[in-house]
Amino acid sequence: RRMFPTFQVKIFGMDPMADYMLLMDFVPVDDKRYRQGAFPSRRYAFHSSSWLVAGKADPATPGRVHYHPDSPAKGAQWMKQIVSFDKLKLTNNLLDDNGHIILNSMHRYQPRFHVVYVDPRKDSEKYAEENFKTFVFEETRFTAVTAYQNHRVRQQPSPGQPKAGLGVAPEV
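Once you know that position 154 of the sequence shown is 154 in the UniProt record's numbering, the rest is easy, because the numbers rise by one and skip nothing.
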C-alpha cells in the first residue's frame with residue numbers, strides 16, 4: 001500500500017548545481033506491540049480510543065530504504081517545488097520482493113528523511129559522513145496497521161489503494 005498521508009517536504013539551502021539523492025527509511029519508536037483500546041460509547045457511534053501496549057515487539061523487519069524516483073537530481077530541481085514521496089509503498093509481507101518498506105503491523109515507527117550529496121570527487125567515500133543529512137519530524141510518527149481502526153476511515157474510498165494491505169494510523 002502507498003503510505004497515507006503522503007510524506008511531503010519543502011527543501012531549501014542546497015547548492016542549485018549539485019546533485020542530491022533523497023531517500024526515506026523507517027525505524028521502530030520502541031520495543032512494544034500495540035492494540036487499540038476502546039472506551040464505552042453508544043452503539044454504532046464513533047468512540048474515542050487509545051493505543052495500549054499489548055506486549056513485546058515482534059522481531060525487527062529487514063531494514064530497507066526508499067529512494068525518491070527522481071534521484072539523483074540537481075539542488076535547483078529539488079528546491080523549486082514541494083517534494084512528495086507518493087510512490088513509497090509499505091507492506092507487512094516479510095517475503096516482499098518488490099522493494100517495498102517492510103513494517104510490523106501494530107508497531108510504532110518514525111520516518112526519517114535523508115538528503116545525500118552526490119560527491120563528484122574520486123575519493124568521495126572519505127567524506128561520506130559529511131555528504132548526508134538526516135531529518136526526523138516527530139509529528140510523522142505512526143502506528144502501522146493492517147486494518148483501519150476507525151470505522152469512518154474504513155468506509156472511505158482511498159484513491160489508488162487496492163483492497164487490504166498495511167496502512168498508517170497517526171499518533172495524534
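Note that the Cβ used here is the ideal one computed from N, Cα and C, for glycine as well.
In this structure, Asp25 keeps its C-beta atom at 8 Å or more from the C-beta atom of Arg1.
The way I'd put it, the region 10-29 does touch the region 83-91; three or more beta-carbon pairs between them come closer than 8 Å.
For Met24, the uninterrupted beta strand (DSSP E) run begins and ends at 19-28, by DSSP. The beta carbon of Met17 lies closer than 8 Å to those of Lys74, Gly75, Ala76 in the same chain, with the five residues before and after it left out. When DSSP states are grouped into helix, strand and coil, Gln8 belongs to the strand group.
Beta-bridge partners of Pro111 (DSSP): Phe26. Taking one beta carbon from each stretch, the region 5-19 and the region 126-133 have fewer than 3 pairs nearer than 8 Å; the two do not touch.
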